[in-house]
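Residue numbers (UniProt numbering): 1 to 565. Built from N, CA and C at the ideal position, the CB exists for glycine as well.
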């Protein structure tokens, strides 16, 4: 190898120059020999195998500190980019982090920085070495890059996140503090115009970061600017995550929200879509935060742009505890949206059986119609995306609570009309049976309404008539005195417990049974007295006897004067 030309022959197999090859596979002495022979230290070819990398790139990638130093001593350009726009420093940072900052890779980074490597150069992904180190949580490298003048304001790409945003998102409190100490703007905007405080609250991983940002001047009422209009204008207090039954997460979020409120966050701030922070907390399903907002003065009856109150939102979110809490705090239970929908309408629409019962128990008006005249019963009769058993249960709940089966919507249809249109067998049957009940109890409108809806549908006509005959027969069967079987199980289903005569009959029967059992125990105890059988054993014997047998025993004892009275 007498000259640079002969030495610079390329390796056919590896598509590298001999210098590239030596850097990877040989010793520093061989590399020095090639450099002394005149090979340029920056030699590279734009081949797919080399990826535009110089010998310095390869020396860094293969973690060869002596070779890196040698190439730098021979004047190689330190900030040459490969085809991915990565400099040697980019590669050094990546290798260092992947190898958990081994001493050799750290020494290479220090060597590059001392020799003037550009600490703010971006790769093809728009990342500087500082951004990469922050994302991967390397406090040592972050501290090092800051010492060498890394720009804390640099963003990924042109309008992406900066180092502070990444540190917050990755839950790196120490790095957050380092960056703030280095002059990072605590209120700089990330994507969607969110500040670091927005991101910290949204992640809810570390209240220490939230407190630090607030302490350093973060604006607690800064508004974001999402590309989606419905999400615009939200302050950090809106950013709480949805409930995932993680108690630790819930407690962290609660502490974070309390810190925001203590720092002056506006509890009744409204986003661009008219949503309040309370609406958002309810949607997230986090009861303690809802409770906190209410304690701090949140308007429980504020409506969003659709005219839906917090109670509407709670019903849609299916939280019985939150619904109860809102009602207890004064939420209007019959509040209507701009299209006339009440919380009860929504409970029916979203099939919340427990909430339907709760709202009715707390005084919800079952007769309110929306702008189309639909009452909750109409809504139930129009449901199609449920299993029939669920619809049946919902309709029964509504009918039990005096829902009007005759009520017509603005297009002149009653609930039975809609049920027949949807061809839901169980739904139709429940409504027909209810109308038949009303008919037998003397409501002459019932049969007329049923016949108009049924028309020529003979199957449903038979169902209705069969129910009528069944009820007539039930009315003839007396359970006690003038109380018929029909009285006990039809009409107002509360009649079983409201009919005083009927209740008295059951109570009297219970008293009689208890008296017979007590006398039977006394009688048997006397008869077995010669055998000194304990009373507890006698009670066990009696418990295995039929009631008729006990009555006969008491009767015999009374006739034999064993018992008196």
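Boundaries of the alpha helix (DSSP H) in which residue i is found, first to last residue
i           : result
residue 417 : 415-422
residue 210 : 207-215
residue 425 : 425-440
residue 103 : 103-114
residue 379 : 376-381
residue 411 : Segment: none, residue 411 is in no alpha helix (DSSP H) and carries neither H nor E.
residue 557 : 547-559
residue 452 : 445-454
residue 533 : Residue 533 -> no alpha helix (DSSP H), and no H or E assigned at all.
residue 156 : Counting along the chain, residue 156 falls outside any alpha helix (DSSP H), and DSSP gives it neither H nor E.
residue 35  : 28-36
residue 203 : 196-203
residue 168 : 163-169
residue 62  : Here residue 62 belongs to no alpha helix (DSSP H), and DSSP marks it neither H nor E.
residue 566 : Absent from the model: residue 566. The displayed extent of the chain is 1 to 565, so no value can be given.
residue 347 : 343-349
residue 393 : 388-400
residue 354 : 353-361
residue 173 : 173-181
residue 127 : Run containing residue 127: none; DSSP gives neither H nor E here.
residue 323 : 320-328
residue 98  : 88-98
residue 339 : Careful: residue 339 lies outside any alpha helix (DSSP H) and carries neither H nor E.
residue 20  : 18-25
Selection from the options that minimises the alpha carbon distance to residue i
i           : options            : result
residue 217 : 183, 171, 328      : 183
residue 319 : 336, 302, 290, 304 : 290
residue 293 : 140, 322, 56, 315  : 322
residue 234 : 259, 281, 213, 381 : 281
residue 325 : 350, 535, 222, 362 : 362
residue 177 : 519, 298, 196, 112 : 196
residue 333 : 347, 351, 339, 359 : 359
residue 272 : 225, 246, 109      : 225
residue 153 : 465, 283, 164      : 164
residue 144 : 562, 131, 55       : 131
residue 449 : 426, 475, 473, 415 : 415
residue 51  : 279, 20, 31, 199   : 20
residue 365 : 33, 64, 212, 340   : 340
residue 463 : 541, 442, 427      : 427
residue 316 : 92, 356, 22        : 356
residue 278 : 262, 526, 297      : 297
residue 191 : 260, 169, 80, 181  : 169
residue 61  : 349, 29, 400, 104  : 104
residue 149 : 113, 54, 250, 172  : 113
residue 382 : 439, 419, 368      : 419
residue 69  : 516, 215, 117      : 117
residue 391 : 111, 417, 421, 349 : 349
Status (buried if at least 16 other CB within 10 Å, exposed otherwise) for residue i
i           : result
residue 514 : exposed
residue 512 : exposed
residue 451 : exposed
residue 384 : exposed
residue 312 : buried
residue 301 : exposed
residue 161 : buried
residue 457 : exposed
residue 229 : Legend: pLDDT at residue 229 = 44, less than 50; position of this residue unreliable, no value from coordinates given.
residue 554 : buried
residue 27  : exposed
residue 444 : exposed
residue 459 : exposed
residue 494 : Note that residue 494 has pLDDT 42, beneath the 50 cutoff, so the model's placement of it is unreliable and no number is given.
residue 552 : exposed
residue 543 : exposed
residue 374 : buried
residue 547 : exposed
residue 540 : exposed
residue 534 : exposed
residue 199 : buried
residue 560 : exposed
residue 469 : exposed
residue 181 : exposed
residue 454 : buried
query: What runs of the alpha helix (DSSP H), each 4 residues or longer, lie entirely inside the stretch 237-313?
result: Fully enclosed alpha helix (DSSP H) runs of 4 or longer: 247-262, 277-284, 287-295.
- prompt: With contact counted as at least three CB pairs below 8 Å, one residue from each stretch, are the stretch 251-267 and the stretch 302-310 in contact?
  reply: no
- request: Pair every Cβ in the stretch 81-94 with every Cβ in the stretch 115-126, then say whether three or more of these pairs are closer than 8 Å.
  value: yes
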